[in-house]
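To keep things clear, I will list the structure first and then write my remarks on it.
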């Protein structure tokens, strides 16, 4: 969990506002001090960047359970973790426990961070009162960046629970009293917020920023706008927002798909939104890590001695693996899956897969051996950092690895989907967009792509990433795809139930479940 005290959302606003101190030149490489908001001198307007840096710290400090819970219900991912966290495995099978701590944590941490981001916006507005015209423009940019981060958190909440609160203040009692917004209202709110942010955000790729490399730009906002319109099934709005990114000519696919998810691919020209982590290249200094162990295999034999293993909580599904083998995928399948001998043997019990490509083996191309372990047959290769890429004497599984949230390949495929669903596009055809993605993966070109082709391409390209597959299938009411390997999915399982702790604390949530 991100926080040991699992605070109810109702009292999150009581948290003291703290921001990480860091000079602009240090970027994300120093986070050792914190400052109480009451101690700030708002006339020292050069310090307002501290609130922005604090916001990037807030958005990056995700609990380990958050990406797992957002993703696990898709047909690309299985829970793993056998013998531990049974309600997590049950969730993967669409059996929901309203009192499960992960549900409440996802709610608490996302809303707690929204309130913290609102605090940073208020701090910047206080600085703005003492700023000159140039500094006011900078303040407006900083606030826009934070609004994009806040929108992403709201977006996740609406996908999981549909009707959720829009929170724009640090004391949200009135917003809570007004009741939750519908999912449609939330997505329109996100789109409107991005329209406000786009004109004042840098007209750059994130990795072109020199003040905060990898920071939010107008194209991050366009991406979130496109995603919001996708959820509203407004495919023209989706196409238009994607086209703004494509026609900027600023983005391209990182040429090596395997390395994209490892150190060489960090902050590439493909990245639109990326959570950054580091040990700053030092074996002894403080580190700022995401906990990747839940994604990793147990009991591996690392190429670099003493590198720690994982927990085995996140497993590529057999359905995904067979889908990829049937397509003759190589690059994307090798990248997406870490294989055990036990998993390979289980796969080969199906005579259609008795003979497998040479890359299907339990040793990665970087020399890490994935031994058999009880909790799963496979592990996620997209969340794997080769042990040889760890900083010397650093042993945490995946230590210092960034986490890509939105990338250009997803934008291309969203754009292609929108066109196949009747939207008009500019500057590129659906075939061209899909084939750019396929070419990087070593796959032959397609012509006359259909919506079904695009969804298959999204499955292959974006599997294991942020629940994209699950939310696509929900949006399209494609329940048959989610009924796999003994699971039966029905419409009443689309949403997680509201956490019981939140229902008890927040009467405006209504009944006992968001399905009601």
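Numbering (my numbering), first residue to last: 17 to 532.
All C-beta atoms, glycine included, are put in the ideal place defined by N, C-alpha and C.
Bear in mind the structure is a predicted one, so any value in this text is a computation, not a measurement.
- Under the three-state reduction of DSSP output, residue 303 falls in the coil class, being neither helix nor strand.
- Here the alpha carbons of residue 450 and residue 277 stand approximately 20 Å from one another.
- Here residue 503 carries a coil assignment [DSSP, helix/strand/coil].
- By the Cβ neighbour-count rule, residue 412 is buried, with 16 or more other Cβ atoms within 10 Å of its own.
- Annotated three-state conformation of residue 271 is coil, per DSSP.
- Residue state for residue 287 is assigned as strand, using DSSP reduced to three classes.
- Beta-bridge annotation (DSSP): residue 238 is not paired with any residue.
- Counting C-beta pairs closer than 8 Å gives three or more between the stretch 74-87 and the stretch 277-293, which meets the contact rule.
- Per DSSP, the unbroken beta strand (DSSP E) holding residue 422 starts and ends at 419-423.
- When DSSP states are grouped into helix, strand and coil, residue 216 belongs to the helix group.
- In the three-state reduction of the DSSP assignment, residue 139 falls in the helix class.
- Straight-line measurement puts the Cα of residue 310 at about 14 Å from the Cα of residue 99.
- Within the stretch 308-385, complete beta strand (DSSP E) segments of at least 3 residues are found at 353-355, given in chain order.
- In this structure, residue 202 sits away from residue 183, with a CB-CB distance that is not shorter than 8 Å.
- Given a length threshold of 4 residues, each whole run of the alpha helix (DSSP H) inside the stretch 404-463 is given here in chain order: 424-436, 446-456.
- Annotated as proximal: residue 328 and residue 389, with beta-carbon spacing under 8 Å.
- Under the three-state reduction of DSSP, residue 392 is assigned to strand.
- In this structure, DSSP gives residue 185 a state outside helix and strand, which the three-state scheme calls coil.
- Here residue 315 is near residue 387, since their CB atoms are less than 8 Å apart.
- In the DSSP assignment, residue 282 falls outside any alpha helix (DSSP H) and carries neither an H nor an E.
- Assignment of residue 60 by DSSP, reduced to helix, strand and coil, places it in the coil class.
- In this structure, the alpha-carbon of residue 210 lies about 5 Å from that of residue 237.
- Residue 134 carries a helical assignment under DSSP once its states are collapsed to helix, strand and coil.
- Spanning the alpha carbons of residue 422 and residue 477 requires a straight line of approximately 13 Å.
- The shortest CA-to-CA distance from residue 434 to any of 493, 466, 460 is the one to 466.
- By the neighbour-count criterion, in which 16 or more other beta carbons inside 10 Å mark a residue as buried, residue 136 falls on the buried side.
- Taking the CA atoms as reference points, residue 149 sits about 48 Å from residue 513.
- Nearest Cα to residue 489 within the set 175, 224, 60: 175.
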